[in-house]
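Novice: Chains as they are written, first to last, in this note's numbering: chain A, 1 to 367; chain B, 368 to 734.
There are 2 protein chains.
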Amino acid sequence: MTIKLDPWGAAIPENYARVMEEFGISPFENLLQDIPDPHPLMKRRIIFGHRDFERVLNAIKRGENFAVMTGLMPSGKMHLGHKLVIDQLIWYQGHKSDIFLCVADLEAYSARGISLEQSRKFAVEEYLANYHALGLNLDRCHIYFQSTNDAVRQLAFLLSKRVNFSEMKAIYGFAGESSISQIFYPMIDIADILHPQLKEFGGPRPTVVPVGIDQDPHLRLARDVASRFQKEFNFILPSSTYHRLLPGLTGEKMSSSRPETAIFLTDSDEEVEKKIRNAFTGGLPTAAEQRRRGGDPTKCRVYELYVYHLLPDDEKLLEVNELCRSGKMICGECKTKAIELMKDYLKEHRVKYRRALPKVRKIVEKV
Amino acid sequence: MTIKLDPWGAAIPENYARVMEEFGISPFENLLQDIPDPHPLMKRRIIFGHRDFERVLNAIKRGENFAVMTGLMPSGKMHLGHKLVIDQLIWYQGHKSDIFLCVADLEAYSARGISLEQSRKFAVEEYLANYHALGLNLDRCHIYFQSTNDAVRQLAFLLSKRVNFSEMKAIYGFAGESSISQIFYPMIDIADILHPQLKEFGGPRPTVVPVGIDQDPHLRLARDVASRFQKEFNFILPSSTYHRLLPGLTGEKMSSSRPETAIFLTDSDEEVEKKIRNAFTGGLPTAAEQRRRGGDPTKCRVYELYVYHLLPDDEKLLEVNELCRSGKMICGECKTKAIELMKDYLKEHRVKYRRALPKVRKIVEKV
């Protein structure tokens, strides 16, 4: 399968390309034709890079078991940007994978001062119930909380014997005023990534961690540390994939702490309407001008919503792209369309969420 | 009770006195008359200093519950120096205390590279079985391993949020090449000390940690950290007592890694004989000279054995002191006496040890 057109702005942005080259991340594109059923996020190059994904792909092709590891930081609300990872997990769940979901309550405590009790509540109501509603079968995932997972913390401590302060400082920029929990925390992160490879958890085996490129330093450190403990644990260096971050609606980075930048899965119709109406677009100052000269979807945050979420069907996406560029559909009309699609989507999601919540509460009680 | 004589060299050495003044450690002596049944180690000023012991003493007098916390590092063998702490624990067990015994297997791993399995074996065979044989009822102690005590590690992480790298560096001298496990480890130590005060462990309540003065930095940090978490945990600042370190037989510091410096509880008669014969004394070059001028027990490592362990009866100790000073008993004779006492002691101990071992194995299996 080769994609000729670039209607989703799939050329790798320059800043990403630089990081890829500097740190040895390979373009995901080169693997696409080998993947039997690539996910739309792969086809649209939203997943644009990887490290050692070949070994995961081999496991997929041979029907062999592998692990997928991801974490959630239970602060704030789940937005569409978070959904990108869940979409991938659902795809992996269709293959023979063990999915590990880590609730980073220690990180939430260390970085944001959120208590462990608050974290548990947030994790269930804002994240896990949404995951289940989206179609991830949580019954088949290994869900755990960092604060109560003894194996992970024990591993973190063991691994931290061969990582020194200078290394951590170089990666994370620690200084004298850094707290000891900040300094130790990355080791927990690394133990999260590597623990599916402990014998007691079914390892060693290929593991993939789907992340945004901003998470790459953790992955590099995890791979370094894994290689330092070959004798003890026989770790297979973890693989990773890199997806673009869904940009914020307003032009800024999407963030849970600035609600206007993101659509939350629990937003009301009114909120959806307001946020999309105020979104940054690739339109021109006047409607007349835009009808004449056309809009620019590559700059448009509403168009991103179509690409990432609202229009999984390529034909329909191309149609919107064409209507925008030709000036046949201007921003107001386009936003109305996006609002309708989003409302429909969230309406259905709300029903699923309500059904999921009590189930997920039960699942998490056992964790 | 006032002690006029100083036959056990109880004047506080100058280097201790300096530390006491600089860091605010009070002389234990001032409390002695308030203690209903002071331990011989207290009467002989081997326990010479304390911080806030008054609140533990008050609990003792009122028959109220308090906690005693100590740890053992499972590397090497248990020697008579280690026994000092156990003697104190047995005394505390006679009062209404909860004794917490921490097996510092994470420290053994971090500092000495000893695996967690090895640690478990050492802890039982070299330490805990000896403790039980000495008379500490382990059935009534809270024994735990750092590596498997979730509550302690969780607490360590929570507390580490309000301790920064500069502080730790100032206390422990960390540098760039320090490993993250070294940097994090003191927080586990502090969590060990404070966790008997968590609600789930029966706290908050007075806690005492009997230590050698070299351990004081941990105690100071533990108290600082406790005061930073008043709101969350309502900690009572932990109390501590300070005992002299039993000096090594040869003149050097006593150490498990230099067997000639210490009597181990598992030493054979031949080893005891050889070690005491070779011990450093306060004798003079020739027997004739010593008969004439007398020896100096304050310089003698064999005399220390009498003071710390072999002659709990003050009258008998004074007698040896007098015989030495007057030249009536010279080193060879005195060593023979010490060897006989030590052999008798260890002979009896061996029988108790053999009885204790299977019991202690059972107790630890449940931990």
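Beta carbons: idealized from backbone N, C-alpha and C, even for Gly.
Computed from a predicted structure; not experimentally measured.
How is the alpha helix (DSSP H) around residue 477/B delimited, first residue to last?
Specialist: 472-479
Novice: The beta strand (DSSP E) spanning residue 723/B covers which residue range?
Specialist: First-last for residue 723/B: 698-732, but that is the alpha helix (DSSP H), not the beta strand (DSSP E).
Novice: Report the residue from 405/B, 420/B, 387/B, 396/B whose alpha carbon sits nearest the alpha carbon of residue 608/B.
Specialist: 420/B
Novice: Near residue 734/B, which residues of its chain fall below 7 Å by C-beta distance, leaving aside the five closest residues on each side in sequence?
Specialist: Hits under 7 Å: 510, 511, 512.
Novice: Identify each residue in the region 171-198 of chain A for which the Cβ-Cβ distance to at least one residue of chain B is less than 9 Å, and report them in chain order.
Specialist: 174, 175, 176, 177, 178, 179, 180, 181, 182, 183, 184, 185, 186, 187, 188
Novice: Identify every residue that forms a DSSP beta bridge with residue 212/A.
Specialist: 243/A
Novice: At 4 residues or longer, and completely inside the region 429-465 of chain B: list those alpha helix (DSSP H) runs for me, N to C.
Specialist: 447-460
Novice: With the cut-off set at 8 Å, would you say residue 28/A and residue 47/A are in Cβ contact?
Specialist: Yes, Cβ-Cβ distance for residue 28/A and residue 47/A is below 8 Å.
Novice: Using three-state DSSP, classify residue 130/A as helix, strand or coil.
Specialist: helix
Novice: So is residue 437/B buried or exposed if we call it buried at 16+ other beta carbons inside 10 Å?
Specialist: buried
Novice: What does the alpha-carbon distance come out to for the pair residue 504/B and residue 727/B?
Specialist: 10 Å
Novice: How is residue 196/A classed by DSSP in three states: helix, strand or coil?
Specialist: helix
Novice: List, in order along the chain, the chain A residues whose C-beta lies closer than 8 Å to that of residue 740/B?
Specialist: Past the boundaries of the shown model lies residue 740/B; chain B is included only from 368 to 734, so the question cannot be answered.
Novice: Assign residue 691/B to one of three DSSP states: helix, strand, or coil.
Specialist: Helix at residue 691/B.
Novice: Please identify the residue among 515/B, 551/B, 520/B whose C-alpha is closest to the C-alpha of residue 532/B.
Specialist: 551/B
Novice: May I ask you to report which of helix, strand or coil DSSP gives residue 573/B?
Specialist: coil
Novice: Just curious, the alpha helix (DSSP H) that residue 172/A is in, first and last residue?
Specialist: 165-172
Novice: Spatial neighbours of residue 731/B within its chain, please: CB distance less than 7 Å, with the 5 preceding and 5 following residues excluded, ordered by chain position.
Specialist: 491, 495, 510
Novice: How far does the beta strand (DSSP E) with residue 48/A in it extend, from its first residue to its last?
Specialist: 47-51
Novice: Taking Cβ-Cβ distances shorter than 7 Å, what residues in chain B pair up with residue 153/A?
Specialist: 520
Novice: Between which residues of its own chain and residue 292/A is the CB-CB distance below 8 Å, once the five residues before and five after are set aside?
Specialist: 327
Novice: Can you find the residues in the same chain that come closer than 6 Å, C-beta to C-beta, to residue 294/A, ignoring five residues on each side of it along the sequence?
Specialist: A distance below 6 Å between beta-carbons, with the five flanking residues on each side excluded, links residue 294/A to the following residues of its chain, in chain order: 325, 326, 327.
Novice: From the DSSP secondary-structure annotation, give me the bridge partner or partners of residue 509/B.
Specialist: Bridge partners of residue 509/B according to DSSP: 467/B.
Novice: Assuming residue 623/B contacts residue 443/B under a Cβ cut-off of 8 Å, what Cβ separation, rounded to an integer in Å, is found between them?
Specialist: That pair is a contact at about 3 Å.
Novice: What are the residues in the region 498-518 of chain B lying within 8 Å of chain A by C-beta distance?
Specialist: 514, 515, 517
Novice: For residue 312/B, name the three-state secondary structure that DSSP assigns.
Specialist: Because chain B spans 368 through 734 in this model, residue 312/B falls outside it and cannot be assessed.
Novice: Within 10 angstroms of the Cβ of residue 248/A, are there 16 or more other Cβ atoms? Answer buried if so, exposed if not.
Specialist: A residue is called buried when at least 16 other Cβ atoms come within 10 angstroms of its Cβ; residue 248/A meets this threshold and is buried.
Novice: Evaluate residue 121/A with the Cβ neighbour count: other Cβ atoms within 10 Å of its Cβ, from every protein chain shown; 16 or more gives buried, anything less gives exposed.
Specialist: Exposed: under 16 other Cβ atoms inside 10 Å.
Novice: DSSP on residue 394/B, reduced to helix/strand/coil?
Specialist: Reduced to three states, the DSSP call for residue 394/B is strand.
Novice: Between 61/A, 191/A, 105/A, which lies nearest to residue 95/A when the distance is taken from Cα to Cα?
Specialist: Among 61/A, 191/A, 105/A, the Cα nearest to that of residue 95/A is on 61/A.
Novice: If you drop the 5 nearest sequence neighbours on each side, which residues of the same chain put their C-beta closer than 7 Å to that of residue 195/A?
Specialist: When the five nearest sequence neighbours on each side are left out, the beta carbons in the same chain lying within less than 7 Å of the beta carbon of residue 195/A are those of 151, 152, 155, 201, in order along the chain.
Novice: Does any C-beta atom of chain A lie closer than 8 Å to the C-beta of residue 528/B?
Specialist: yes
Novice: Give a yes or no on whether the C-beta atoms belonging to residue 752/B and residue 606/B are separated by under 8 Å.
Specialist: Coverage of chain B is limited to positions 368 through 734, which leaves residue 752/B absent and any answer about it impossible.
Novice: Cβ atoms of residue 317/A and residue 308/A: under 8 Å apart, would you say?
Specialist: no
Novice: Taking Cβ positions, are residue 97/A and residue 528/B nearer each other than 8 Å?
Specialist: no
Novice: Need the endpoints of the alpha helix (DSSP H) that residue 599/B sits in, please.
Specialist: 597-600
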